[in-house]
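A short worksheet on the structure shown next.
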Amino acid sequence: MTKEILAFFTDTHLGQKLVARSEIAGDKMGYEETPREHEHNLRMVLDDIAGKGISRVVFGGDIGTAHSVDGFFELLRDYTFEVSLILGNHDTYRNVAPYCDMGGNIVAGKLCYSRQDPHLKRIFLDTSDNAVGDGQRKWLTRELEGVKRAAIFLHHPVLPLDTPIDQTGAALRDRDEVRALLIGTDCEISLFCGHYHMIDEAREANILQYVSPAVSYQIVKQSARLEADTGTFGYRILEMDEKEIKTQVVLFSKTQATRTSRGAI
Numbered sequence: 221m222t223k224e225i226l227a228f229f230t231d232t233h234l235g236q237k238l239v240a241r242s243e244i245a246g247d248k249m250g251y252e253e254t255p256r257e258h259e260h261n262l263r264m265v266l267d268d269i270a271g272k273g274i275s276r277v278v279f280g281g282d283i284g285t286a287h288s289v290d291g292f293f294e295l296l297r298d299y300t301f302e303v304s305l306i307l308g309n310h311d312t313y314r315n316v317a318p319y320c321d322m323g324g325n326i327v328a329g330k331l332c333y334s335r336q337d338p339h340l341k342r343i344f345l346d347t348s349d350n351a352v353g354d355g356q357r358k359w360l361t362r363e364l365e366g367v368k369r370a371a372i373f374l375h376h377p378v379l380p381l382d383t384p385i386d387q388t389g390a391a392l393r394d395r396d397e398v399r400a401l402l403i404g405t406d407c408e409i410s411l412f413c414g415h416y417h418m419i420d421e422a423r424e425a426n427i428l429q430y431v432s433p434a435v436s437y438q439i440v441k442q443s444a445r446l447e448a449d450t451g452t453f454g455y456r457i458l459e460m461d462e463k464e465i466k467t468q469v470v471l472f473s474k475t476q477a478t479r480t481s482r483g484a485i
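Counting from 221, one number per residue, gives the positions in the sequence shown under our numbering.
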C-alpha cells in the first residue's frame, strides 16, 4: 500500500508581534511590526519537517507583514521541499506573485488550483478577503464533479468552532454557502485549515475538518474571552493512502524546548 506524506504549516505571522491579546480589530488580531518576529519558530518547524524526511509541504496562509514575504520565501529556499501555498487574510496575491509560478491558477482574481494524487484530489483555495467568493465556489463545484475523495486546503475553517474567536467577526464570511456546496456533493472531503491558531477536529455529513496549530502563537480554545498562548507553536503531518488520511500534530514549547505529538500515524 503506497502512502503520500506531507506537512501542513500555517500562520507564521513573520514580523508581526502580538500586542492586543484579547481583542480583534475588524477581522484581525492586533499586531505591531517587529522584524524577525516568529522567524525562530518557523526555522524549528521546517527543520523538524526536513528531519523527518518529509519532502512535500503545504503552507496554510498568513505569512506576516509585506516586508517579511521576501524573507519567508528565502528561508524556504534553504530546503528542498515541494511547496504548495494558499493565501490567508494577512496575504495578498500581489505580494506573493513574484515568488510563485502561478501559471493558470488565478480564478476570479483568486489563487486556487488542484492536484491529482494517486489516492485523492488536492484542492487549494484562496480566502485572503475572508471569503471563498462566488467565482471560486463555481470553480470548486466543477473541480469536485465525479471526485470521490478530496483534501481541500484553505486558510479559514468552514465548520464552526466552539471558541470565542469564532464569534468575533473572524469567521469565513460565506462559510454557510461553502458548507452547503460541500455537503451537496458525493465526495468524501477532508478540510485542512488554520486561521484560529488552535487544534480542532470536527465532522458534519461528508466533511471532516482539521484546524491546525499556528507556527507563531496559539489562541486558547476554551476560555471566557480571547486568550493567547505565545509559548506554543507547531504544525500537522498528513499521511494519505487509498483508504484514509491519518494526521499527527507536532507541538513545540518555547519554555521547555520540547516537542510533543498528538495523534497517530
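Virtual Cβ for every residue (Gly too), placed ideally from N, Cα, C.
- In the structure shown, Asp449 falls within a strand segment according to DSSP collapsed to helix, strand and coil.
- Taking C-alpha positions only, Gly329 is separated from Glu464 by approximately 33 Å.
- Listed as beta-bridge partners of Thr230 by DSSP are no residues whatsoever.
- Following the DSSP letters along the chain, one finds Leu411 inside the beta strand (DSSP E) bounded by residues Glu408 to Cys413.
- When Cβ pairs closer than 8 Å are counted between the two stretches, the stretch 436-448 is seen not to touch the stretch 399-411, the count staying below three.
- Under the three-pair Cβ rule at 8 Å, the stretch 381-388 does not count as touching the stretch 360-373.
- At a Cβ-Cβ threshold of 7 Å, Tyr455 and Val470 count as neighbours.
- By the criterion of at least three beta-carbon pairs nearer than 8 Å, the stretch 412-420 is in contact with the stretch 273-283.
- Annotation for Arg362: the continuous alpha helix (DSSP H) segment containing it runs Asp354 to Glu363.
- Take Asp394, set aside five residues on each side of it, and the residues of its chain with a beta-carbon closer than 8 Å to its own are Ala351, Val352, Gly353 and Arg357, in chain order.
- For the stretch 252-290, the continuous beta strand (DSSP E) assignments of 3+ residues that do not extend past its boundaries occur at 276-279, in sequence order.
- The alpha-carbon of Ala370 is positioned some 21 Å away from that of Ile419.
- Each residue's CA atom was taken as its position, placing His260 and Thr300 some 19 Å apart.
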